[in-house]
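Undergrad: Take a look at the following structure, please.
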Amino acid sequence: MAAPLSTVVDVYFTDTKRTRLSGSNPCRQKGIRKCFIHCTTSNSTPEAPPTPTSDNNKKNTSLSDQLAPLANKTLSTVTPDQSYAFSNSKSTWVNPTKAKRTVLSSERQKRATYSHSPQLRDLKRFAHKLNECGSSEDEFLSCLEDITRPLTREHVLLILNTLKQWQKSRLFLNWIQTQNLLPMETIFYNVTMKSLRFGKQFALIEELAHQMIDTGVPLDNITYSTIISCAKKCSLFDKAVHWFERMYKTGLMPDEVTYSAILDVYARLGKVEEVISLYERGRATGWKPDPITFSVLGKMFGEAGDYDGIRYVFQEMESVRVQPNLVVYNTLLEALGKAGKPGFARGLFEEMIESGIVPNEKTLTAVIKIYGKARWSRDALELWQRMKENDWPMDFILYNTLLNMCADVGLVEEAEILFRDMKQSAHCQPDSWSYTAMLNIYGSQGDVDKAMKLFEEMCKSGVELNVMGFTCLIQCLGRAMEFDGLVRVFDSSVERGIKPDDRLCGCLLSVVSLSHGSKDEEKVLACLQQANPKLVAFIQLIEDEKTSFETVKEEFKGIMNSAVVEVRRPFCNCLIDICRNKDLLERAHELLYLGTLYGLYPSLHHKTSEQWCLDVRSLSVGAALTALEEWMWTLTKIVKREETLPELFLAQTGTGAHKFAQGLNISFASHLRKLAVPFTQSEEKIGCFTATREDLVSWVQSNSTAAATAT
DNA sequence: TTAGGGTTAG
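Going by my numbering, the first sequence runs without a break in its numbering and finishes at 827.
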């Protein structure tokens, strides 16, 4: 098993001074400065606040938070040139007079130049023949009998480079070895390993590496980077770390290629601290990272949703004067999207175009996706227009992303045009993703006819419907209250061997909440029973008024823990709706409390000294009304205790642009009237309800007076 | 794939 990372860090790197974020230079380069200004001044999208669950906490921890313990330990007066420092609790003191320890070679490993001479035409033909012959050992070895002799190093390399199947590369390497015609060289292994990597044969690569060690053939940077990248390709990250450690132990210094490969390994493991540490150690000893490194860092911070980290990448690129290339732009755009910064992503995209870089399919996919998720239909449509005008490249993923964007922002006609375009195209025929996107659109609209027609079309055209397609179809039928059709579709999914996932269960659960305790509810519950019996048992448990809060809490935890993160809030929303439909108000409040307790509603309340806001945009109608009642009780208590209150109170329901939030503002407004609370619809902003402190205080006081009079 | 590292879909 691989040693824990701290061992690597402590054994091989003793100079651990960290200067990141403390010494960022003012922006100098034009392009980066521009983006950086965007990033610091025009942010209209608030960062997603960290949620209290341990998983999310880890995921969303910002860079400055991660570095806080370190920053506390680092003396602020120490300049970067002083070489005493420590990184964490396992710090190692270094002699201040000793030079910084190098962690990577300043030069990339040189490749021996070799070229195949024109006289080798016959050998080339022979190599192609080897490529064509059967790949069984017997067939291949019998073909090899016709090989030119004497065999030279050049011949071996030409053949190895020509062989396309990894099985043959391996057989050929073995053959050279057993023939004992010429000394085995590192390059023979490297070329073979590359072929094996293409076939994702990590075990065989490792076998070759051990053979090299046993027979004394030196492993070089190319060998190690190939081993590491193959391990990565096979998701064997511990193996990648193991070989990286071994490299240092044997005294070989990685060059920048191996170094960035291992940075990517740690990044994919989510070991952000280690990546930063390795990166900074490299930087401290004079390494100038290249665009590939910044792409690795950008992707890592994007995955972590860490906007501070993304800014750090911009600052570092500026500081080492590296201009982003197309891949770096693509990675950073994607990262900004994941960090919930559509405005910055738009700024960066425009900056990229201005700098003269032509976007590719990946760029456009990233940006369209961001606009869709942000529900920026105008920007998305404008971009689509520009794509057509500029003849920017399209592929089927981009087509499907455009369709998903249409689903996100509710552009039905535009989606239908795109879908027709795809059917007429030569290379972008609709696949299961495209059909699912269309089903999603019709599902959100509740257009049963079109959805079912599409379903039939799919069956005829042989496009496989997956669990998500069935989920959309079930959602569509549920919204249209066509419960018998829903049961038929569910049964058909079971017959086809579709395994229901948490999203499908969430969809069935939402249909249960829509069926309002009618006879049809039983039909839907029977489907849910097959898909997730525990969830049905939980519904029965919460519907029983005798069930204690402690029991509900325990079972709630179990249900949520076994569900994927994305469905936890929808689950909770639906469960609250189900309780409210059955007048189980107290239970609805308990569930909202538990949802808040376990971090499912992280952005429900925002407080500043000027205003307090209740943001119910990610809540179902039932959950939103429950949250409103809860808020009013709390505010009443605060008023009665005469505690400090802000000037303004705000309740946000959104405008219903989100397909799941339609009608929320109407139901919310009606509930405000029912409770007779002093909130009024804001004139400037639809979906915003406001009340002043005076309104609220006098409402509480008049309620108290009324209550006192009644008693 | 022509000896090694980075970017696209619910």
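All C-beta atoms, glycine included, are put in the ideal place defined by N, C-alpha and C.
How many angstroms separate the CA atom of V680 from the CA atom of Y445?
TA: Rounded to the nearest angstrom, the two C-alpha atoms are 31 Å apart.
Undergrad: Do the stretch 240 to 247 and the stretch 273 to 287 make contact, defined as three or more Cβ pairs closer than 8 Å?
TA: Output reads yes: the stretch 273 to 287 touches the stretch 240 to 247.
Undergrad: Can you have a look at D262 and say buried or exposed, based on whether 16 or more other CB atoms are within 10 angstroms of its CB?
TA: So D262 counts as exposed.
Undergrad: Check whether the Cβ atoms of P370 and S221 lie closer than 8 Å to each other.
TA: Going by C-beta atoms, P370 is nearer than 8 Å to S221.
Undergrad: Is S609 near the ligand NAP, in the sense that its beta carbon is under 7 Å from a heavy atom of that ligand?
TA: This structure lacks the ligand NAP, and indeed carries no ligand of any kind.
Undergrad: How do the stretch 622 to 637 and the stretch 667 to 677 stand: do at least 3 beta-carbon pairs fall below 8 Å, yes or no?
TA: Cβ pair count under 8 Å is below three, so no.
Undergrad: Whose C-alpha, out of N506, L497, D563, D699, is nearest the C-alpha of I533?
TA: Measuring from the Cα of I533, the nearest candidate turns out to be L497.
Undergrad: Can you give the Cα-Cα distance for D811 and T821, rounded to whole angstroms?
TA: Roughly 15 Å between the two C-alpha positions.
Undergrad: Using the beta-carbon count (16 or more within 10 Å), is H326 buried or exposed?
TA: Label assigned to H326: exposed.
Undergrad: Classify T294 as buried or exposed, calling it buried when 16 or more other Cβ atoms lie within 10 Å of its own Cβ.
TA: The residue in question, T294, is exposed, as its Cβ has fewer than 16 Cβ neighbours within 10 Å.
Undergrad: In this structure, does DSSP put C588 in helix, strand or coil?
TA: C588: helix per DSSP, three-state reduction.
Undergrad: Please report the Cβ distance between L720 and S783, rounded to the nearest whole angstrom; I am assuming they are in contact, meaning their Cβ atoms lie under 8 Å.
TA: Not really, about 17 Å apart at Cβ, beyond 8 Å.
Undergrad: Verify whether the separation of the beta carbon atoms of L630 and F687 is less than 8 Å.
TA: Not closer than 8 Å, so no.
Undergrad: Could you tell me if D617 is buried or exposed, where buried requires 16 or more neighbouring beta carbons within 10 angstroms of its beta carbon?
TA: So D617 ends up on the buried side.
Undergrad: Tell me which residues share the same chain as A119 and place their Cβ nearer than 7 Å to its Cβ, disregarding the 5 neighbours each side in the sequence.
TA: Only weak support exists for where A119 lies, its pLDDT of 30 falling under 50; the coordinates are left without a value.
Undergrad: The alpha helix (DSSP H) with L766 in it runs from where to where?
TA: Per DSSP, L766 belongs to no alpha helix (DSSP H); it is in the beta strand (DSSP E), 764 to 768.
Undergrad: Going by C-alpha to C-alpha distance, which of R384, D336, L413, I329 sits closest to K349?
TA: Nearest of R384, D336, L413, I329 to K349, Cα basis: R384.
Undergrad: Let me know the secondary structure DSSP gives D731 once reduced to three states.
TA: Strand.
Undergrad: Sorted by chain position, which residues of the same chain lie with C-beta nearer than 6 Å to V381's C-beta, five sequence neighbours on each side aside?
TA: Closer than 6 Å at the Cβ level, and outside the excluded window around V381, lie K348, F353, A356.
Undergrad: Roughly how many angstroms lie between the CA atoms of P475 and I469, to the nearest whole one?
TA: Straight-line Cα distance between these residues: approximately 7 Å.
Undergrad: On the DSSP letters alone, give me the boundaries of the beta strand (DSSP E) that K723 sits inside.
TA: 721 to 723 is the extent of the beta strand (DSSP E) around K723.
Undergrad: Would you kindly work out how many angstroms separate the C-alpha atoms of K615 and V583, rounded to a whole number?
TA: K615 and V583: Cα-Cα distance of roughly 7 Å.
Undergrad: Kindly indicate which three-state DSSP category C249 falls into: helix, strand or coil?
TA: In this structure, C249 counts as coil in the three-state DSSP scheme.
Undergrad: Going by DSSP, what residues sit across from T294 in a beta bridge?
TA: T294 pairs with nothing; no bridge assigned.
Undergrad: Short check: CB of F410 to CB of V438, under 8 Å?
TA: Yes.
Undergrad: Straight-line CA distance for T132 to M676?
TA: Confidence at T132 is low in this model, with a pLDDT of 32, below 50, so its placement is unreliable and no value can be given for it.
Undergrad: Would you give the residue range spanned by the alpha helix (DSSP H) that F805 belongs to?
TA: First-last for F805: 804 to 808, but that is the beta strand (DSSP E), not the alpha helix (DSSP H).
Undergrad: If you follow the alpha helix (DSSP H) that G559 is part of, which residue opens it and which one closes it?
TA: 548 to 561 is the extent of the alpha helix (DSSP H) around G559.
Undergrad: Bridge partners for Q797 per DSSP, in chain order?
TA: DSSP lists F805 as partners of Q797.
Undergrad: Expressed to the nearest angstrom, what Euclidean distance is found between the alpha-carbon atoms of S180 and L394?
TA: Note that S180 has pLDDT 34, beneath the 50 cutoff, so the model's placement of it is unreliable and no number is given.
Undergrad: I'd like the span of the alpha helix (DSSP H) that includes D262, first residue to last.
TA: First-last for D262: undefined, no H or E at that position.
Undergrad: Would the beta-carbon of F86 fall within 8 Å of that of L276?
TA: This structure does not reach residue 86, given that the chain is present from 117 up to 827, and the question cannot be answered.
Undergrad: Grouping DSSP H, G and I as helix and E and B as strand, with all else coil, what is C829?
TA: Outside the displayed span of the chain (117 to 827) sits residue 829, for which this structure offers no information.
Undergrad: Can you tell me whether C575 is buried or exposed? The criterion is at least 16 other CB atoms within 10 Å of its CB, across all chains shown.
TA: Burial call: exposed.
Undergrad: Less than 6 Å between C-beta atoms, sequence neighbours within five positions excluded: which residues of the same chain meet that for S814?
TA: Excluding sequence neighbours, S814 sits near nothing in its chain.
Undergrad: When burial is assigned at 16 or more other CB atoms within 10 Å of the CB, is I557 buried or exposed?
TA: Buried is the call here.
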